[in-house]
Structure formats: structure tokens, C-alpha cells
Amino acid sequence: ATVARRRRRVVAAGLAVALVSAGIGGGVGALVAGNDNGNTVVTTAGLERSSSTAGGTSPAAADTVSAAAKKILPSVVTISEESSSESGTGSGMIIRSDGHILTNNHVVSGASGGGSLTVTLQDGRTFDAQVVGTDPSSDLAVIKINASGLTAATFGNSDALNIGELVVAVGSPLGLNGTVTSGIVSALHRPVRTGDSTVQDQQNTVLDAIQTDAPINPGNSGGPLVNSRGEIVGVNSAIATVGGGGSPFGGTQQSGNIGVGFAIPGDYAESVATQLITSGKATHPYLGVSASTANENARSTASSGTGAQIRSMVAGGPAQSAGLRAGDVITKLGDRAVNDVDSLIAAVRSHAIGDEVEVTYSRDGQTSTVKARLALQPPTS
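Below, the structure written as C-alpha cells:
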């Protein structure tokens, strides 16, 4: 949405969001993110013991998990990345039988600086891999190995997911190849900011995430979240962690699973992957505004956390063309409530370039609605 965000205070012992590649060395930098209370940060994922979700699994559910795992496992790979500054492991999924593999950008970003990638299949075979294309702002990437006749995973309909639905996560947490965990969809359309410090487009690194309690740990990054039929509905990317006191980012953090994980929706990931395979890059829609979360000091009637206030607009961009002005507080885009700047970015990213969307906003105490046609986001300079 080309939105700028305010600097927020970080609260010790707050909730943190960690990317889940098991890395050593350089890796992902920390960012302040999340809500206006400042209790959510983005940080690197450290190695930590795993934990399981509470409660048991019924025999029927166990049979469903087993069937889903059996279908997806042949398509899941372990990705090892080595560079001069870092090394680590993550996961990926074969999406084409000719060796195209979908994963997270933060799993393979070190290879772009002269590093190397090795892919290990479920049958134990290993291959060198090359990067086909990366899209840092969506934290997605496609790599390729020189192999054929591979078992490609099938994409399901992530838009059809329901809260409470069974899902299964597969990957290589802590380097443990082919690990299967299960849980439910805890929430949908959760705005999660998980930017890599090397990403140029920091303002738009927000996932429109699926939240799940399926145990996810460092090394699960890039692996599939599947439905009961073993179809991809998400790309596992991040987990919430609990921080302690003593450092600007909450001190020592529990970097393993605590039952709050996040995945990039499969429909969106499939679209980005197709673009990366076709052209080596992906495009995104934008509204053409710079905004910040509305606060109590704003001149509008909006209170803290009740919208995204426009600070400036791109000349001739979608927002300006629709009649929006600086100072307007956007409270809804399409069918999505906009509570803060990150939810605005996620809502915009859930649409396609050229979509006409209704934008609800407040101005001088009055609520109005206009239609804006989302345009192609220009490349960042």
C-alpha cells in the first residue's frame, strides 16, 4: 500500500514474531512491528526445544492427519543454505515435477550474495539448487534443482479455509527432515510484519497470514501447511515467541513453538510463484498512500488503533484519483476492517492489480465510501 509506519515503543516481555528458518550467523534483522502498544517485534528465530499443542488427537483426526501427511511428504524438501556470513536450514515444497521448489525468501536470501543452496529430497537424494526468482516483500522465493519426474504438491483453496479447520504442517524443524505436526486454523487474515533487514521494501513487508496452532519451529520456514486432503493452503513462515526483559527486543526469547504460527496463504503464494517462474519477479497492487496508524493525537475523531491515517499520497495514484485526501482515516478496504497501518497493507495485498475496491474512511467526523482502482506498485528505488 506504500505505507509508512511510525516508530513504536518496544515493551519487554511482549509478544514477538520470529521467522522460522534455522540459521547461524547473519540472517534476519529485527524490526519494531505490530500493534500500537508496541508489544510485537520481528526478530531472528533461534534454536529452541519444540513444544506440542495441548490436548490429544482423536483416532479419526489421526487417520486424517496420516492421510494428508502421506500425500504431501514426497513433495517436501530440506533446503540448506551456505554463504560467507551465514548458514542455516529451511524447508520447501516441490510445485512442479521438473524441479521447481517454492520456499521463503529468507530461507534462500543468503545465496543471492554468492552463497550456495543444497536440496535434500525425502528419499535422501541431494541436489545443488539455483534461485529462479525472489520476492522479498512477500517473503517468497522459487528455486530449482536439475531433476525430473518429481512428485509435485497440489494447491488447495486457501480462501475456503475456516477457523477451526484441521491443518498439517510439514518440514524440517531444527533440521529434523520430514517432521509432521497438526493443529487447526486459529485465525485468518492476521497482519504479520516479518521483514528481513536486507529487504529494500520494508514498508510493505506484511503478510496477510493464516494463524495456526500446528507446532512450527525454526527450520519449518518455507514448508507447506496443508488441509485434510494434503493440498497446500499455506507456506509456513513465522511463529510468535515470548520475550524476556533486558534487551531492546525483549531479552532472551523463547524461540520455539508456543502454539501461534503464521503461514502465507496458498492462493497468494501460488500466484507469486507462477510470476517468479515466468518472469523472475512478482508484481503487487498498491493504493498509493503513505499512512500511519490513527492515534489519539490525530485531528480526526478516530482513536488509537481504529484506522490508518493518510499522511501523503502518490500524485495521480489510486487514492488521489478516488478523491481521498491527506488526513483521511481509512477504516475499511473491501470487506476488510482496517484497524492499523499493517492491516491496510494486508488488505491491499489480498487484491489483484486492477481490482476496484470500496474504501471506507472518516473525514471531519463524517464516514464516507469511495471506489478506488488498485494500480501496479512501482519498483522501490
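In this note's numbering, each number is its position in the sequence shown, counted from 1, plus 27. Where is the CB? At the ideal position from N, CA and C, for every residue including glycine.
The count of Cβ pairs closer than 8 Å, one atom from the segment 378-385 and one from the segment 360-368, reaches three, so the stretches are in contact.
When secondary structure is reduced to three states using DSSP, A309 falls in the coil class, being assigned neither helix nor strand. In this structure, the straight-line span from the alpha carbon of S199 to that of Q404 is close to 34 Å.
Under the DSSP assignment, R400 falls in the beta strand (DSSP E) whose first and last residues are 393-400.
Beta-bridge partners of K359 (DSSP): A364, T387.
Here A174 has G126, F154 as same chain residues with Cβ atoms under 7 Å from its own Cβ, once five neighbours each way along the sequence are excluded. Cβ atoms of V260 and L201 stay farther apart than 8 Å, at about 24 Å.
Residue K98 holds the alpha-carbon nearest to the alpha-carbon of A179 among A196, K98, P242.
Contact between the segment 181-197 and the segment 157-164 is absent: fewer than three C-beta pairs spanning the two stretches fall below 8 Å.
Distance between S248 and G191, taken at the CA atoms: about 22 Å. Cβ contact annotation for T147 (same chain, cutoff 6 Å, sequence separation greater than five): T105, T153, in chain order. Residue range 233-239 is occupied by the beta strand (DSSP E) that includes V233, with no alpha helix (DSSP H) assigned at that position.
Annotation: the continuous alpha helix (DSSP H) that includes H133 extends over 132-135. Collapsing the DSSP output to three states places I190 in coil. The distance from the Cβ of I285 to that of T268 is about 7 Å, consistent with a contact at the 8 Å cut-off. Scanning D355, V299, E109 for the CA closest to the CA of N322 turns up D355.
The segment 387-396 makes no contact with the segment 287-303: fewer than 3 CB pairs, one atom from each, lie closer than 8 Å. Looking from the CA of N132, the closest CA among A296, V212, S93, G350 belongs to A296.
In chain order, P218, V233, D235 place their CB closer than 6 Å to the CB of A373, counting only its own chain and leaving out the 5 sequence neighbours on each side. Residue state for P200 is assigned as helix, using DSSP reduced to three classes. Per DSSP, reduced to three states, the secondary structure at V269 is strand. Our two residues, A335 and L371, have alpha carbons roughly 7 Å apart in a direct line. Taking every protein chain shown into account, the CB of T305 has fewer than 16 other CB atoms within 10 angstroms, so this residue is exposed. V134 and A399 have their C-alpha atoms spaced approximately 36 Å apart. P292 sits in a strand when the DSSP states are folded into three classes. Relative to the Cα of S93, the nearest Cα in the group S143, G176, L203, G257 belongs to G257. Separation of the CB atoms of G315 and Q347 is rounded to 7 Å, and the pair is thereby assigned contact status at 8 Å. Looking at the DSSP output, D155 bridges to T145. In the structure shown, A179 falls within a coil segment according to DSSP collapsed to helix, strand and coil. In the structure shown, G315 falls within a coil segment according to DSSP collapsed to helix, strand and coil. DSSP, read as helix, strand or coil, puts A45 in strand. Cα atoms of G307 and S209: separation of roughly 33 Å, rounded to the nearest angstrom. Our two residues, D369 and S317, have alpha carbons roughly 12 Å apart in a direct line. Separation of the CB atoms of L401 and P312 is rounded to 4 Å, and the pair is thereby assigned contact status at 8 Å.
In the structure shown, L100 falls within a helical segment according to DSSP collapsed to helix, strand and coil.
Between the C-alpha atoms of S213 and I243 there is a straight-line separation of about 14 Å.
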